[in-house]
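Just so you know, we're using our numbering here: the sequence shown kicks off at 93 and counts up by one. By construction, the Cβ of each residue, glycine as well, lies at the ideal position given by its N, Cα and C atoms. Fair warning: this is a prediction, and the values are worked out from it, not measured in the lab.
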Amino acid sequence: PMDHPRPVTRIGLIQTVLDSVGAADRVALDVVAPGHDLLPLKELGRITASVVRNEPGRAMGYAPIPGDPQLIRQIAFRSMEHGLPVAPDDPLITAGCMEALYLSLRSVCRSGDTVLIQSPTYYCFLQLLETLGLRAIEVPSDPKLGVSPKDLFHALRTFDVSACVLAPNFNNPDSSLTPDEAKREIVSMLAERSIPLVEDDVSSDLHFGPRRPGTYKQFDQKGLVLLCSSFSKTIAPGYRVGWILPGRFRQKALEIKATTNVSTSAPAQMAIAEYLRQGHMERHLKKLRAALERQMDTMQLHLGRHFPEGTKVTHPVGGGVLWLELPKAVDSVELFFQARAERIGIAPGAIFSTQDKFTNYIRISCGFPWTRDVEQGVTILGELAGRMCRS
Numbered sequence: 093p094m095d096h097p098r099p100v101t102r103i104g105l106i107q108t109v110l111d112s113v114g115a116a117d118r119v120a121l122d123v124v125a126p127g128h129d130l131l132p133l134k135e136l137g138r139i140t141a142s143v144v145r146n147e148p149g150r151a152m153g154y155a156p157i158p159g160d161p162q163l164i165r166q167i168a169f170r171s172m173e174h175g176l177p178v179a180p181d182d183p184l185i186t187a188g189c190m191e192a193l194y195l196s197l198r199s200v201c202r203s204g205d206t207v208l209i210q211s212p213t214y215y216c217f218l219q220l221l222e223t224l225g226l227r228a229i230e231v232p233s234d235p236k237l238g239v240s241p242k243d244l245f246h247a248l249r250t251f252d253v254s255a256c257v258l259a260p261n262f263n264n265p266d267s268s269l270t271p272d273e274a275k276r277e278i279v280s281m282l283a284e285r286s287i288p289l290v291e292d293d294v295s296s297d298l299h300f301g302p303r304r305p306g307t308y309k310q311f312d313q314k315g316l317v318l319l320c321s322s323f324s325k326t327i328a329p330g331y332r333v334g335w336i337l338p339g340r341f342r343q344k345a346l347e348i349k350a351t352t353n354v355s356t357s358a359p360a361q362m363a364i365a366e367y368l369r370q371g372h373m374e375r376h377l378k379k380l381r382a383a384l385e386r387q388m389d390t391m392q393l394h395l396g397r398h399f400p401e402g403t404k405v406t407h408p409v410g411g412g413v414l415w416l417e418l419p420k421a422v423d424s425v426e427l428f429f430q431a432r433a434e435r436i437g438i439a440p441g442a443i444f445s446t447q448d449k450f451t452n453y454i455r456i457s458c459g460f461p462w463t464r465d466v467e468q469g470v471t472i473l474g475e476l477a478g479r480m481c482r483s
């Protein structure tokens, strides 16, 4: 049964986990981004230097509040290619996907409102909800099929919901993929009730199959879906460039953007716009997807070899993370601290829910190349989990 709306109180634990991310000399199984060898460092570096050299005034000045016009156009073109109902000037550029989600929630909610989220969900959403004073209703996410229309309908009938935040394509952490027919049903159900849907679309380009999965946005006929995405999982995490397709909430999102950070970094926007204009993106994505799938296969193989009996591992068809259910005797927060002492980073399951769920789950990232250090880290992690099972 679904629990009542509850305040989100996870910031302390989440901050402890975030403080460990990015520390030097460690096996970073907690960083959800491609390794440096999978990023277009030389190409994008060359383009960045070129745009700054050729247009220094534009690069060093403030970008327009909605974003660099050329980048907006490129994102609109790509969105149209993906079948989204978008006008050429619809996208609003943000500092990564997190700002896109922040602006979206600020545009459709007020403090004290109840927001429907999937469970498990990305822990930074929980931080965001807590910061904005929002309450959460968790709808279960199936590790394969994501949120079901039936469960969503039950939640909407039971609770007074102001908005939904859902990640239909390769949800972080369980990498679930909601079927397109279910997406259509969910959008229709929310539209009947005039409930806005904030869609996290950050991982859709990382599909291993031949076709990019559909989005909620492509079924949006009323402008109630705010699609949020970024280039952080594909080409440049450090550039912090994302966007919203805000539907009917564009003006409100623009007003909040103007009082939040005025505008997003001009050189980063110019460089990515030029990278897209030159046509590098699709070739790069093809290589990136193949590498992530290989790395995920290798990781699954070694997890099976080194982790205790009874461990269950997801088999995603995209994204870059694995979601592990360990034997009940394993406390994932305790495992996080023990792993940290061995200079291994993991994300404990408890941070992916407002409730005391997923306490024996962990999330492992497969974004980095398979090396001897990674193999040793996975072996040690398996030994630590095995020790907990025996104690």
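Cβ distance (whole Å) where residue i is taken to contact residue j below 8 Å
i: Glu291; j: Leu258; result: 6 Å
i: Phe565; j: Gly474; result: One cannot answer for residue 565 here, as it falls past the ends of the chain, which runs 93 to 483.
i: Ala328; j: Leu136; result: 6 Å
i: Leu226; j: Trp335; result: Between Trp335 and Leu226 the Cβ distance is about 23 Å, and since that is not below 8 Å, they are no contact.
i: Phe262; j: Pro408; result: 6 Å
i: Ser324; j: Ala125; result: 6 Å
i: Ile164; j: Asp181; result: 6 Å
i: Arg276; j: His174; result: No, Arg276 and His174 are not in contact; Cβ-Cβ is about 15 Å, not under 8 Å.
Best match in the options for proximity to residue i [C-alpha to C-alpha]
i: Ala442; options: Gly149, Val200 and Pro212; result: Pro212
i: Ser295; options: Tyr331, Pro232 and Leu380; result: Leu380
i: Thr471; options: Glu347, Leu395 and Leu110; result: Leu395
i: Val200; options: Val253, Gln162 and Asp389; result: Val253
i: Pro302; options: Met281, Gly410 and Leu208; result: Gly410
i: Ser321; options: His376, Gly188, Pro180 and Thr108; result: Gly188
i: Gly153; options: Pro419, Ala360 and Ala421; result: Ala360
i: Asp117; options: Arg435, Val466 and Pro461; result: Arg435
i: Asp297; options: Pro461, Pro260 and Ala179; result: Pro260
i: Cys256; options: Lys242, Glu374, Ser267 and Val279; result: Val279
i: Ala155; options: Trp415, Asn353 and Val124; result: Asn353
i: His57; options: Gly330, Pro180, Phe429 and Asp465; result: Residue 57 cannot be examined here, being either before or after the span of the chain that is shown, 93 to 483.
i: Arg170; options: Phe444, Leu337 and Thr446; result: Leu337
i: Asn563; options: Leu418, Ile456, Arg276 and Arg397; result: There is no way to answer for residue 563, as the model of the chain reaches only from 93 to 483.
i: Arg375; options: Ala350, Thr326 and Asp423; result: Thr326
i: Val119; options: Val109, Asp465, Leu476 and Arg479; result: Asp465
i: Arg479; options: Ser424, Asp293 and Val144; result: Ser424
i: Ile106; options: Val231, Met388 and Leu221; result: Leu221
i: Asp293; options: Gln430, Ser286 and Leu176; result: Leu176
i: Leu476; options: Pro461, Gln162, Gly459 and Pro419; result: Pro419
i: Arg285; options: Thr270, Met388, Pro132 and Phe251; result: Phe251
i: Tyr194; options: Glu385, Ala345, Arg386 and Asp312; result: Ala345
i: Met388; options: Phe300, Glu191 and Pro161; result: Phe300
i: Val333; options: Ala350, Ser357 and Ile209; result: Ser357
Boundaries (first-last residue) of the beta strand (DSSP E) holding residue i
i: Pro232; result: Arg227 to Pro232
i: Leu289; result: Leu289 to Asp292
i: Tyr453; result: Tyr453 to Ser457
i: Leu244; result: Premise fails: Leu244 lies in the alpha helix (DSSP H), Pro241 to Thr250, not in any beta strand (DSSP E).
i: Ala255; result: Ala255 to Leu258
Range covered by the alpha helix (DSSP H) that runs through residue i
i: Gly396; result: Met373 to His398
i: Gln310; result: Counting along the chain, Gln310 falls outside any alpha helix (DSSP H), and DSSP gives it neither H nor E.
i: Ala141; result: Leu133 to Asn146
i: Glu417; result: Counting along the chain, Glu417 falls outside any alpha helix (DSSP H), though it belongs to the beta strand (DSSP E) covering Val413 to Glu417.
i: Asp111; result: Ile103 to Ser112
i: Leu476; result: Arg464 to Arg482
i: Ser280; result: Asp272 to Glu284
i: Phe428; result: Ser424 to Ala433
i: Gln361; result: Ala358 to Arg369
Alpha-carbon to alpha-carbon, residue j and residue i
i: Ser355; j: Thr463; result: 39 Å
i: Gly371; j: Ala363; result: 13 Å
i: Ala274; j: Glu366; result: 36 Å
i: Leu393; j: Leu368; result: 36 Å
i: Ala283; j: Ile348; result: 24 Å
i: Ala439; j: Val405; result: 15 Å
i: Lys242; j: Ala433; result: 43 Å
i: Leu414; j: Tyr453; result: 10 Å
i: Ser142; j: Val207; result: 44 Å
i: Phe217; j: Thr446; result: 11 Å
i: Arg482; j: Arg249; result: 45 Å
i: Glu491; j: Gly437; result: The structure shown has nothing for residue 491, since the chain only spans 93 to 483.
i: Gln219; j: Ala151; result: 32 Å
i: Leu224; j: Arg397; result: 43 Å
i: Lys314; j: Glu147; result: 40 Å
i: Phe429; j: Thr108; result: 10 Å
i: Ala421; j: Leu244; result: 32 Å
i: Leu237; j: Arg145; result: 48 Å
i: Leu289; j: Phe311; result: 12 Å
i: Pro132; j: His246; result: 45 Å
i: Met308; j: Glu467; result: Here the sequence assigns Tyr to residue 308, which means Met is not the residue at that position. One C-alpha to the other measures close to 38 Å.
i: Val178; j: Leu318; result: 12 Å
Handout entry: Contained beta strand (DSSP E) runs [length at least 3] in the segment 157-215, N- to C-terminal order
Key = Taking only runs of at least 3 residues, the beta strand (DSSP E) segments lying wholly in the segment 157-215 are 184-186 and 206-211.
Practice task
Note down, one range per segment and in chain order, each beta strand (DSSP E) of at least 3 residues found wholly within the segment 319-354.
Solution key: Here the runs fully enclosed are 334-337.
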